[in-house]
Amino acid sequence: MSAARILVVVVCVIVLLPTQTTVIRTLGGNESGSLVHGSNQFQDASEDTGQMFLEDDFSSTPIGLNQSAWSISMLNDPQLSWIDGDRIGLICTPFTRLTLTSKIETEPSMLAEFNLSFTGGRSYFGVGWSDSLPSNSSPWISNLRFSQNGVFIDFWDGQVYLVTYVNGSRTATPVEVTELDTVQNYCLLWTSSLVTLVVDGVPAGSISTQIPLSPLPFVLTISGHNYRVDSDLLAVDYVSLSTMPESPDDEIPTIDLLWPEDGSEVSQGELIDFEVSGPVESVYWMWDSDSQYTLECPWDIPTFGMIGRHSLTVFLVCENGTQIQEEFSFSIVPVSEELHAWYIDFSPQVDGMLDSDESRLTCMNHLTAWGEDREGINLDAHLGMSSSGFYLSLYSPVADSWNTRISLLFDGNDNGAWDHDGTDDISVTVAGPSAYQDYSCIRAASGCILERGNYPGLVFASGVYEDGICAEFFVPISENRTEVCFGLMIIQGGYAMSYPFRSNAEYAPRLSRVQTSNAPSPLPYALGTVGTLVALCAAIIGVTSVVGRGRMSPRYQLDDEELERLRTLLLSYPGITEERIRQMMSIDCETLHEKIEFLVSHNHIEPRLLNGVREK
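When we follow numbering that gives the first Met the number 0, the leftmost residue of the sequence shown carries the number 0, and every step to the right adds one.
This is the structure:
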């Protein structure tokens, strides 16, 4: 190995994982990765990079790759090209697939280094360890998400992910990779308790749960998995697989908390993740000085069914008989939440956008959905209940893409749990506006698709708003019902988020309970006699002031349905862009400008609402 390559490996194995100070993430940001305490996740390898199992710089004649190291599989004639004598190019078009699989299999304590670039189109690519072997039955089979066991990065719907599988159970985390179309150096470190991705010497993400331990081949694959795919190129100029350097015998053993932060809140059923390094004889743990248990790799400690603040003690017994003890504490909280909904006496217009009445007359609730990697995103939900149904409007900051969808998990048995077998629980899934529309369906909790005709009155729709998606649901319920239970699943490409439970928790999912007091929203009504006078005076003053300035008339409905819909959009979404309005209303530019000019000239809207819309 050259001096430059040795330097790259040294940087990768001594780098520290990033400390995470918040659990709320804006999707697409660069906060991926586990929270790590401690300073010796990987030891300085010096120039000892371990045993080299595979190394290919793709300069071998006649086709570039070392044919003794790789097996080639393809479907529908994709292209395998040799670029400038030093790079291998995997090229795919719609419904083609090309896969290189190493002929050797390796186990944990491995370091994979590879240099690659990707054109960044709509194709899928995956690089890493996987037992998802190709098949000619479908181009999707080359997707590494079919793995039973795997450690890899992949690209799906415009996002790069770090992914692990253990016996079919997945953990994925989005990672920020800029300039994907230029050659970058990737280091993927796989140990028995931690997987870390480093890009150009900078930590990009890590996973400390669902780590496979079985031997796996190394795979490079690209797939043109739908008709929207153009021609995409995955170019690779170097791949190596080597063992991680072993710890010296005289190293002092340590235990580092990977997730969550000491003293933080943990949901019921979660695992506390640790990393143990150095030579140890055995590791033990106990909650609240109670029973003592043996801890083994991958060093995860369950929270059982406890609630409240509890102390956790971990003991390391060294090979020389000495003992190291560490103390931690966590607040363990129940998964389910109690939410509130206003009583509504109108029929919501379920069209994928929250209009002014739906916003004003329903109860706003702030929710947190949890991703597979135990990171959270904020959701805004408007809830309402009538004598005939339950209404939910959800704004989610996930991007609209081919695989984006949102599912409402509705508790048909009203027992507060999501039961998979023999129940009336259903999931109602709405696809994003740009997504594969067959995702929109009603399913039983067991997963089988149900006929929509069997659920009269159940309606759902989605729409794009700014950088996210608005999903609306109306589910019929029995008359005079005052509470319901529900959960949510949000899929963005190859990444899943759930509410209120976390998808990788050990316990059966608990749902949130929504209650209504059969009282309407207090916003359009006064509370008490004094409130009535105050509200009435304020309304008179406000209306007089507005009308007197010639700006806007009091609340009313326009006779022209299209004008009223445009007016509602502008009132409900300040700063909405012209492009969004045209997309939502299926209207051309000239007609839109004419209608906006009419609304402004007749004082139906204020010009200040047109920040994002260009007037004619």
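Every residue gets a Cβ at the ideal spot worked out from N, C-alpha and C, and that includes glycine.
From a predicted model like this one, the values you see are computed outputs, not experimental measurements.
Euclidean distance between Cα positions of residue i and residue j
i, j, result
"Gly-445", "His-419", "The residue asked about is misnamed: residue 445 is Ser in this sequence, not Gly. Whole-angstrom Cα-Cα distance: 5 Å."
"Glu-617", "Phe-409", "Residue 617 falls outside the range modelled here, since the chain spans only 0 to 615, and no answer is possible."
"Val-218", "Asn-114", "14 Å"
"Gly-467", "Ala-368", "15 Å"
"Arg-404", "Ile-448", "16 Å"
"Thr-92", "Thr-118", "12 Å"
"Leu-196", "Cys-186", "6 Å"
"Ser-141", "Gln-147", "13 Å"
"Gly-547", "Leu-557", "Only weak support exists for where Gly-547 lies, its pLDDT of 31 falling under 50; the value from the coordinates is given anyway. About 20 Å."
"Gly-616", "Tyr-164", "With the chain covering only 0 through 615, there is no way to say anything about residue 616."
"Pro-107", "Ile-490", "30 Å"
"Gly-493", "Asp-156", "8 Å"
"Phe-473", "Val-349", "7 Å"
"Leu-99", "Ala-234", "13 Å"
"Glu-325", "Thr-253", "9 Å"
"Val-397", "Pro-173", "12 Å"
"Ser-131", "Leu-569", "49 Å"
"Asn-414", "Asp-56", "59 Å"
"Thr-278", "Leu-188", "Rather than Thr, the amino acid found at residue 278 in this sequence is Pro. Looking at the two C-alpha atoms, the distance is approximately 20 Å."
"Val-513", "Asp-236", "55 Å"
Buried versus exposed call for residue i [16 or more other C-beta atoms within 10 Å across all chains shown]
i, result
"Phe-345", "exposed"
"Met-488", "buried"
"His-381", "buried"
"Val-201", "exposed"
"Gln-158", "buried"
"Arg-96", "buried"
"Glu-450", "exposed"
"Ser-263", "exposed"
"Cys-588", "exposed"
"His-224", "buried"
"Ile-595", "buried"
"Glu-250", "exposed"
"Asn-479", "exposed"
"Thr-177", "exposed"
"Ser-461", "buried"
"Met-363", "exposed"
"Pro-499", "buried"
"Gly-307", "exposed"
"Arg-86", "buried"
"Tyr-292", "exposed"
"Glu-561", "exposed"
"Tyr-390", "buried"
"Ser-205", "buried"
"Met-496", "buried"
"Thr-181", "exposed"
"Asp-424", "buried"
For residue i, the first and last residue of its enclosing beta strand (DSSP E)
i, result
"Glu-264", "264-266"
"Arg-404", "404-409"
"Asp-255", "253-258"
"Asn-114", "109-117"
"Met-488", "482-491"
"Val-187", "Reading off the sequence shown, one finds Leu at residue 187, where the question assumed Val. Note, Leu-187: beta strand (DSSP E), 183-189."
"Gln-514", "511-514"
"Cys-317", "307-317"
"Thr-98", "96-105"
"Gln-158", "158-165"
"Tyr-498", "494-498"
"Pro-173", "168-174"
"Asp-231", "231-242"
"Glu-471", "467-475"
"Thr-428", "425-430"
Delimiting residues of the alpha helix (DSSP H) encompassing residue i
i, result
"Cys-588", "588-600"
"Ser-358", "355-360"
Neighbour flag for residue i against chain B, beta carbons, 7 Å
i, result
"Asn-65", "The structure shown has no chain B; it contains just one protein chain."
Cβ contact (3+ pairs, closer than 8 Å) linking the region 596-609 and the region 555-566: The region 596-609 is in contact with the region 555-566.
Can you confirm whether the region 317-336 touches the region 213-223 when touching is taken to mean that 3 or more C-beta pairs between the two stretches lie within less than 8 Å? Under the 8 Å Cβ criterion, the region 213-223 does not count as touching the region 317-336, having fewer than three qualifying pairs.
Please specify which runs of the beta strand (DSSP E), each continuous and at least 3 residues long, are wholly inside the region 42-91, giving them in chain order. 51-55, 69-74, 78-82, 86-91
Decide if the region 71-80 is in contact with the region 119-129; the criterion is three or more beta carbon pairs, one per stretch, under 8 Å apart. no
Using 8 Å as the threshold, is the region 252-271 in touch with the region 61-70, meaning 3 or more CB pairs across them? no
Considering only residues of the region 324-392, which uninterrupted alpha helix (DSSP H) runs meet the minimum length of 4 residues and lie entirely inside it, listed in chain order? Taken in chain order, the whole alpha helix (DSSP H) runs of length 4 or more contained in the region 324-392 are 355-360.
Would you call the region 458-466 and the region 324-342 touching, i.e. three or more CB-CB distances under 8 Å? no
For the structure I just gave you, are there three or more beta carbon pairs, one from the region 264-271 and one from the region 295-302, closer than 8 Å? Touching, yes, given that three or more Cβ pairs across the two stretches are closer than 8 Å.
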